[in-house]
Each structure stands twice: as C-alpha cells, then as structure tokens.
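Notes follow once the structure below has been shown.
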Amino acid sequence: MTGRRVGDTLFFDEPVWVESCAAAVGKKEGEGPLGACFDYVAKENRFGEKTWEKAERRMIELACQHALSKADLTPSALDCALGGDLLNQCVSTSFAMRGLGMPYLGLYGACSTMAESLLLGAVLTAGGWSRKALCAASSHFCSAERQYRYPLEYGGQRPPCAQWTATACGAVILCDAPRRVRLRAATVGRIFDPGITDSANMGAAMAQSAYETLRTFFRDSGTAPEDYACIVTGDLAAIGHTMVNELFARDGVTLGGRYQDCGLLLYGKEQDVHAGGSGCGCSAAVLCGHLLPRLACGELKNLLFCGTGALMSPLTANQGETIPGICHLIVLEGAK
Amino acid sequence: MIYVKAFLVGGVICGLSQILIDRTRLTPARILSAYVVLGVALTGLGLWEPVVRFAGCGATVPLMGFGYTMAKGVSEAVMQQGLLGALTGGLTASAGGIAAAVFFSLLAAVIFSPGDRS
Amino acid sequence: MKLDRKEYLALSQKASPPSPSLKNVPAAFFTGGAICALGQFFKGIFLGWGMEDKAAGTAVSVTLIFLGVLLTGLRLFERAAKWAGAGTLVPITGFANSVAAPALEFKTEGFVLGVCVKMFSIAGPVLTFGISASVLYGLLLYLFGGAA
Numbered sequence: 000m001t002g003r004r005v006g007d008t009l010f011f012d013e014p015v016w017v018e019s020c021a022a023a024v025g026k027k028e029g030e031g032p033l034g035a036c037f038d039y040v041a042k043e044n045r046f047g048e049k050t051w052e053k054a055e056r057r058m059i060e061l062a063c064q065h066a067l068s069k070a071d072l073t074p075s076a077l078d079c080a081l082g083g084d085l086l087n088q089c090v091s092t093s094f095a096m097r098g099l100g101m102p103y104l105g106l107y108g109a110c111s112t113m114a115e116s117l118l119l120g121a122v123l124t125a126g127g128w129s130r131k132a133l134c135a136a137s138s139h140f141c142s143a144e145r146q147y148r149y150p151l152e153y154g155g156q157r158p159p160c161a162q163w164t165a166t167a168c169g170a171v172i173l174c175d176a177p178r179r180v181r182l183r184a185a186t187v188g189r190i191f192d193p194g195i196t197d198s199a200n201m202g203a204a205m206a207q208s209a210y211e212t213l214r215t216f217f218r219d220s221g222t223a224p225e226d227y228a229c230i231v232t233g234d235l236a237a238i239g240h241t242m243v244n245e246l247f248a249r250d251g252v253t254l255g256g257r258y259q260d261c262g263l264l265l266y267g268k269e270q271d272v273h274a275g276g277s278g279c280g281c282s283a284a285v286l287c288g289h290l291l292p293r294l295a296c297g298e299l300k301n302l303l304f305c306g307t308g309a310l311m312s313p314l315t316a317n318q319g320e321t322i323p324g325i326c327h328l329i330v331l332e333g334a335k
Numbered sequence: 000m001i002y003v004k005a006f007l008v009g010g011v012i013c014g015l016s017q018i019l020i021d022r023t024r025l026t027p028a029r030i031l032s033a034y035v036v037l038g039v040a041l042t043g044l045g046l047w048e049p050v051v052r053f054a055g056c057g058a059t060v061p062l063m064g065f066g067y068t069m070a071k072g073v074s075e076a077v078m079q080q081g082l083l084g085a086l087t088g089g090l091t092a093s094a095g096g097i098a099a100a101v102f103f104s105l106l107a108a109v110i111f112s113p114g115d116r117s
Numbered sequence: 000m001k002l003d004r005k006e007y008l009a010l011s012q013k014a015s016p017p018s019p020s021l022k023n024v025p026a027a028f029f030t031g032g033a034i035c036a037l038g039q040f041f042k043g044i045f046l047g048w049g050m051e052d053k054a055a056g057t058a059v060s061v062t063l064i065f066l067g068v069l070l071t072g073l074r075l076f077e078r079a080a081k082w083a084g085a086g087t088l089v090p091i092t093g094f095a096n097s098v099a100a101p102a103l104e105f106k107t108e109g110f111v112l113g114v115c116v117k118m119f120s121i122a123g124p125v126l127t128f129g130i131s132a133s134v135l136y137g138l139l140l141y142l143f144g145g146a147a
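Protein chains in written order, with numbering that gives the first Met the number 0: chain S, 0 to 335; chain P, 0 to 117; chain B, 0 to 147.
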C-alpha cells in the first residue's frame, strides 16, 4: 500500500510532490490584485484567435507550456495529463491536448476540476502509475458566458450575487521525486444539494459542500482549522464565503482570517465582478500563480485547497432542478 | 408638452419594470413576453388607447406598444376580412418592426464582430 | 450541526445583498423616459414630412430598432444597459438588442446555424406570445363582434 484511507480522505504516505506550476490569465485577471503573479497575461481575451473557444484552448496550451518549461520538460516526459473545463463535452482541454500526444484523461467537476485533477494525479503518482502528471483546469469568460447565459452583447443586468467567470487556466506538474511542495492528502467530496434554484447564486449553492468536505476532512485527519496556515475555497465568492464562515460559527468553530476564497482573491473591489470570481480557472490560476509559489518559498506552511463546483447545466436550470454542489479538498505542505 | 408626457410615462413604465426585475428575478425574455401580451390585453380592454393618446411614444415605444400595434392591426383586419384577419392582422401591423429587427441584425452580423465584455 | 433546507435558504438570503434598486430604478426611469421622448421627437419629424400617424409610428419603431442594433454592433448597448437596466430593455430598443446580440455572437458558428438560428433565441418567445395573443384577440373579436 502506498497510502491510507480514513473516511473519505486519502493520505499519500508515498510522497507526491509539485514539480512546477504555471497560470495563464485574461486581461481583466491580469489587472486584478494578483496580476503580477501570473506567468502569462493576455493583452486581449482572444489570445490572438478567431473564436472564444480557440482562445480558451490557446490559454490552456500557454499554461501547460509554461509549466513544462519551468520544469525543463517536454510533453513526451509526461506520463499522463488530467484536465477539464466548463464547455460542453470538455472540448477546450481535449482540443488543447490533442497536439501534445500524451496519455490524457478529460475531467468534469465543474469549477472543482482543479482539485479533482490534482486528486486523481496524486493517486496515479502515489500508486506508482505515473512519475510526472500534468493537472490542469481552465475557464474563459466569453466561451462560458455564451454557453451558460446570454450572448456577450446582450444588455441584461446581473444581480449582485452573480459571479464573474474567470478567464484563466492553471497547470500543475506532479512528480514522485522530492521537491519543495508536497501534496499530503486529499478528501473526495460528496454531492450536497441544499435546494438553491437561482443559477445566479452559485456561491450559496456550493457553500454547503465546502463546509461538509472541510468538516469531513477535519474529522478524518483529526486536525482543526488552527493547524493550517491557510484554507481557501475555489469560487464561493462573497456570499458563499460568508455562509461557510456562518456554518462553522454554528458549530462553534472560528475560521478567521486564514479562510479565504479564490473568487475574492482574484479580483479587486473596483473591477465590477459582483460577488466575485468563478469558473474552473479561478481556483486553478490562484493556486498556480499565488498560493503554490508562497508554499514553495516557505511563506505559507501549509494549505487546504478546496475546489468547489456547481454541478448544473442550463438544461437542468430550465427544468427547474435545484443546484447540487461538490467540493474536493487537497492538503499541500510547503518547504520546511 | 407631449415630450414631457412621453418621458414621464415611458420612464414610469421602465422604472416599475426595474422594480419587477430587482424583486422577482424574472428573466428579461419573460418580462418582455409578458409585456407584449399585456399590451394586447390592455388594448383589447380599451385601456391602452387612452394612455397612447395621453403620452404618445411614452406608451408606444415600450414593448406594450408592440402589443398595442398588433391588437389594433388585428381588430381592423377582422373588421375588413373576417376570420382570416385574426391571423393576418397582428403580424401585418407589426411587420415593419419585426422585419427591421431581423434585417438590421443580419446586416450587423455581417459588418461587426462580437466583442469581449471585460 | 445538521442543516435543514429552510434554515440554509434563510442563511443564503441573509448573505445575499439585495439588488441596488435605489440606483437601478431612477436609472431605468431616466433612460426609458429619454428613449420614449426621443421616439416622440422622431415622430414629430416624420409627421412633419407629411407621413400619416400610423406610418409615422412604424417609422419610429424602425428608427429606434436601427439605433438599438447599431449600438449593439458597436458594443455600446451592453455597456449602457448595465447601468440602465429596464430603461433600455423595455423600450423597443431592448427587442432590437435581443435579436442583434445572438445574431452577432453566434457568427462563429456560421450564417445559417449560427446567426439565423440563434437570432430568435431570446426574442422568439416575445414574437410567439405576441402573435398568439393577437390571434386570440382577433378570434374573440370575430366571435363576439366589434368590441373595438
């Protein structure tokens, strides 16, 4: 055995390490408070392509290329690539990967995809099935908007609880040889549906799953929030973030300043993104551009990365279904 | 004076619609559909004509006006052609606006390219 | 602690800020009013050209639709609508935008399956309900006679 399973949590006793990571983002994200952290910031969100879908593929390619070149690797050195995005049939990631020729697994976990790909990449690495695995997730505001909501030129107002799909992609290469950041454990999330139907209020729909997964992890690991330097959720934004704090407060647990949300970190208050950022790329880029480098340089001791996803589609929303949420948790430890 | 009346009535209709959007989260397509039907119904009940006479474009430019045009067209057509008029009247009266929207949009799609919003 | 749905919904409502109606409603009032007054201004011009009232009304609609489509193509409509809300949505300009925006957006999927099919993805229900309501009204008039 290369690890233990306690409850829903996998402990990787056989070490899994972060070889390198990179993030490519759009213009607006580059203008945000984390703008300087990203490896590639687009001058315009088309990335020099003709369609938004091609733009998203280009962004994925750029993030993967940067991650590879930082580790001084070529695509042929990878044993597996795992990734996903928000578009129907996961076309952005598949099409971006089709030229690279490595073994590939396409994933869909809505906005939790970054955590899902890290979790599965770690399982492959810890199990000895992969020495170098690429894990990626992306979203593009324009391609997502036209698929999920309205055409970009449509003059509709967004309610204040709406979130802004990030134009961003993060890519991580996991390896089995000692590096500065270690992936220690992961909790596989369960689906929770608190009965929210308003698809403009994703944060509220996902907050319960974030709370439940965190609680499960603390129980499985016998640890408490105080044991971690930082706890981040993927894209709960202002409303979901407040709700997770309140849900823990009911249990008498204070998360405090260590609890942050990628959707709130990615954009500044003046950027008019309503409640905050969302999309697979939101948590992926904040992890790869901001959090992993801080772990690597020792600024952060450890981190709970909780990728949150709303598992709905425009079709289920039209049919009046409630929005199920999921949250996968990854435990990362920095250099000693 | 008619300009002030058009401004006030049009403004009140839009202001009330905004309250509806803010409070109920009704999607724009639902609100617009409801307004066209409302326009037909109010005209049929003889309630919209006085508003049009009072406010001119304040009552005809909002989408109720679209329903008003259709309802008026239908009632004229039924008087002239009978049963067939029920089918032809509404679209005939509103044909100018619909054709303009379709044709101009097609032209726009040829000339312009969609842009980013961020 | 165990969560029931009612409690959760209350929690979510408490955390969700309300729409800023204090800003939205006056914005909608002024823009909507201004568009209607502009329509009235055009109507005055058309009547001055000797058009009869009905034709002038149609010409006003066509002009405002043209402006709505043009502003959509120039990417200005969405920017204005973000502020004006119902003020640009409810006048006939909103109908024009709802046809032009998908036509423009889905250009990348080709003219037939993109532009022409998607053109009615938002305006379709407006036309369907409008036409159906007028037909029903016509039937009522025919059956029960000359109410209007």
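Positions of the beta carbon are idealized from the N, C-alpha and C atoms, including for glycine.
Q: Spell out the partners DSSP gives Glu332(S) in its beta bridges.
A: Within the first sequence, the letter at position 333 stands for residue 332(S). BP columns for Glu332(S) point to Arg181(S), Asn301(S).
**Q.** Identified DSSP bridge partners for Phe217(S)
**A.** Translated into positions along the first sequence, residue 217(S) becomes position 218. None, per the DSSP bridge assignment.
**Q.** Reduced DSSP secondary structure (H/G/I, E/B, other) of Ala147(B)
**A.** Counting from one through the third sequence, the residue named residue 147(B) turns up at place 148. Per-residue confidence for Ala147(B) stands at a pLDDT of 42, beneath the threshold of 50, marking its modelled position as unreliable; the derived number appears in the next sentence. Coil at Ala147(B), not helix or strand.
Q: Could you tell me whether any Cβ in chain S is nearer than 9 Å to the Cβ of Gly32(B)?
A: Mapped onto the third sequence, residue 32(B) falls at position 33. Not one chain S Cβ lies under 9 Å of Gly32(B).
Q. Sorted by chain position, which residues of the same chain lie with C-beta nearer than 7 Å to Asp12(S)'s C-beta, five sequence neighbours on each side aside?
A. Here residue 12(S) corresponds to residue number 13 of the first sequence, with the count starting at 1. Cβ neighbours of Asp12(S) beyond the five flanking positions: Thr1, Gly2, Arg3.
Q: List the endpoints of the continuous alpha helix (DSSP H) containing Ile322(S).
A: Position 323 of the first sequence holds residue 322(S). Here Ile322(S) belongs to no alpha helix (DSSP H), and DSSP marks it neither H nor E.
Q: Could you pull out every unbroken alpha helix (DSSP H) segment of at least 4 residues lying fully inside the region 18-51 of chain B, listed in chain order?
A: 20-47
(Q) Assuming Trp16(S) is part of the beta strand (DSSP E), what are its boundary residues? (A) Walking along the first sequence from the start, residue 16(S) turns up at place 17. Trp16(S) -> beta strand (DSSP E) spans 8-24.
Q) For Trp128(S), which of helix, strand or coil comes out of DSSP? A) Here residue 128(S) refers to the residue found at position 129 of the first sequence. Three-state DSSP puts Trp128(S) in coil, outside helix and strand.
Q. Hey, does Leu46(P) have any beta-carbon neighbour from chain B nearer than 9 Å?
A. On the second sequence, position 47 is the one that residue 46(P) refers to. With 9 Å as the cut-off, Leu46(P) does not count as an interface residue toward chain B.
Q: Compute every distance between the C-beta of Met201(S) and the non-hydrogen atoms of the ligand ADP, then say whether any falls below 8 Å.
A: Ligands are entirely absent from the displayed structure, and the ligand ADP is therefore not among its contents.
**Q.** chain P contact residues for Glu104(B), given Cβ-Cβ distances below 7 Å
**A.** Here residue 104(B) refers to the residue found at position 105 when the third sequence is read from its first residue. Pro113, listed in chain order.
(Q) Alpha carbons only, please: which of Gly137(B), Lys42(B), Pro90(B), Thr71(B) is nearest the one belonging to Thr57(B)? (A) Along the third sequence, read from residue 1 onward, the residue named residue 57(B) stands at position 58. The shortest C-alpha separation from Thr57(B) is found at Lys42(B).
Q: May I have the straight-line CA-CA distance separating Cys305(S) from Leu264(S), to the nearest angstrom?
A: Residue 305(S) sits at position 306 when you count from the first residue of the first sequence. Residue 264(S) sits at position 265 when you count from the first residue of the first sequence. Each residue's Cα considered, the two are about 14 Å apart.
Q) Grouping DSSP H, G and I as helix and E and B as strand, with all else coil, what is Glu211(S)? A) On the first sequence, position 212 is the one that residue 211(S) refers to. The answer is helix: DSSP assigns Glu211(S) an H, G or I state.
**Q.** Leu235(S) vs Gly275(S) beta-carbon contact at 9 Å
**A.** Walking along the first sequence from the start, residue 235(S) turns up at place 236. Walking along the first sequence from the start, residue 275(S) turns up at place 276. Yes, they are a contact pair.
Q) Could you give the distance in angstroms between the alpha-carbon of Ser104(P) and the alpha-carbon of Trp51(S)? A) Taking the first residue of the second sequence as position 1, residue 104(P) is located at position 105. Taking the first residue of the first sequence as position 1, residue 51(S) is located at position 52. Rounded to whole angstroms, Ser104(P) to Trp51(S) spans 21 Å at the Cα level.
Q. Quick one: does Ile20(P) have its CB under 9 Å from some CB of chain S?
A. The residue you call residue 20(P) lines up with position 21 of the second sequence. Cβ-Cβ to chain S under 9 Å: yes for Ile20(P).
**Q.** In chain order, each beta strand (DSSP E) run of at least 3 residues that lies wholly inside the region 224-277 of chain S
**A.** 229-232, 258-260
Q) Helix, strand or coil for Pro32(S) per DSSP? A) As a working note, residue 32(S) is residue 33 in the first sequence. The answer is coil: DSSP assigns Pro32(S) none of H, G, I, E or B.
Q. Is the beta carbon of Val98(B) sitting closer than 9 Å to the one on Val101(P)?
A. The residue labelled residue 98(B) in the question sits at position 99 within the third sequence. The residue labelled residue 101(P) in the question sits at position 102 within the second sequence. Cβ atoms of Val98(B) and Val101(P): closer than 9 Å.
Q.
Can you tell me whether Thr50(S) is helix, strand or coil according to DSSP?
A. In the first sequence, the residue the question calls residue 50(S) occupies position 51. DSSP places Thr50(S) in coil when its eight states are reduced to three.
Q: Alpha carbon to alpha carbon, how far is Gly280(S) from Thr164(S)? Give it in angstroms, no decimals.
A: The residue given as residue 164(S) occupies position 165 in the first sequence. The residue given as residue 280(S) occupies position 281 in the first sequence. Rounded to the nearest angstrom, the two C-alpha atoms are 8 Å apart.
Q: Give the DSSP-derived three-state secondary structure of Ala80(S) in the structure shown.
A: Along the first sequence, one-based indexing puts residue 80(S) at 81. Strand, per DSSP.
Q) By the criterion of Cβ-Cβ separation under 7 Å, what are the contact partners of Leu82(P) in chain B? A) Within the second sequence, numbered from 1, the residue matching residue 82(P) stands at position 83. Going along chain B in sequence order, the residues near Leu82(P) (Cβ under 7 Å) are Tyr141.
Q: Verify the CB distance criterion: does Val111(B) have a CB-CB separation below 9 Å to chain P?
A: Taking the first residue of the third sequence as 1, we reach residue 111(B) at position 112. Judged by the 9 Å Cβ criterion, Val111(B) is not in contact with chain P.
Q: Report the option in Leu213(S), Thr196(S), Pro224(S), Asn244(S) whose CA atom is closest to the CA atom of Ile322(S).
A: Taking the first sequence and counting its residues from 1, the one referred to as residue 322(S) is at position 323. Measuring from the Cα of Ile322(S), the nearest candidate turns out to be Thr196(S).
Q | Simplified DSSP assignment, three categories, for Ala167(S) | A | Here residue 167(S) corresponds to residue number 168 of the first sequence, with the count starting at 1. Here Ala167(S) sits in strand by DSSP.
**Q.** DSSP-derived helix/strand/coil call for Val187(S)
**A.** Translated into positions along the first sequence, residue 187(S) becomes position 188. Note: Val187(S) maps to coil in three-state DSSP.
Q: Enumerate in chain order the residues of its own chain whose CB-to-CB distance from Leu213(S) is below 6 Å, with the five nearest sequence positions on each side excluded.
A: Numbered from 1 along the first sequence, position 214 holds the residue referred to as residue 213(S). Closer than 6 Å at the Cβ level, and outside the excluded window around Leu213(S), lies no residue.
Q: Could you tell me the boundaries of the beta strand (DSSP E) in which Leu3(S) lies?
A: Locating residue 3(S) in the first sequence gives position 4, where the first residue counts as 1. Reading off the sequence shown, one finds Arg at residue 3(S), where the question assumed Leu. Arg3(S) -> beta strand (DSSP E) spans 2-5.
Q. Among Gln88(S), Asp78(S), Asp38(S), which residue has its Cα nearest to the Cα of Lys69(S)?
A. The residue you call residue 69(S) lines up with position 70 of the first sequence. Answer by Cα proximity: Asp38(S).
Q: Write down every uninterrupted run of the beta strand (DSSP E) in the region 84-142 of chain S whose length is 3 residues or greater and which is fully enclosed by it, in chain order.
A: 103-105, 131-138
(Q) Assuming the contact rule is C-beta atoms closer than 8 Å, Thr62(B) and Ala100(B) should be a hit. Round their C-beta distance to whole Å, please. (A) As a first step, residue 62(B) is located in the third sequence; it is residue number 63 there, counting from the start. As a first step, residue 100(B) is located in the third sequence; it is residue number 101 there, counting from the start. Not confirmed; about 19 Å, so no contact.
Q: Could you tell me how far apart the beta carbons of Trp16(S) and Cys134(S) are, in whole angstroms, since I believe they sit closer than 8 Å?
A: Numbered from 1 along the first sequence, position 17 holds the residue referred to as residue 16(S). Numbered from 1 along the first sequence, position 135 holds the residue referred to as residue 134(S). Contact doesn't hold; Cβ gap of about 13 Å is too wide.
Q. Whose CA, out of Pro193(S), Gly251(S), Gly262(S), Val171(S), lies closest to the CA of Ser11(B)?
A. Position 12 of the third sequence holds residue 11(B). Nearest option by C-alpha distance: Pro193(S).
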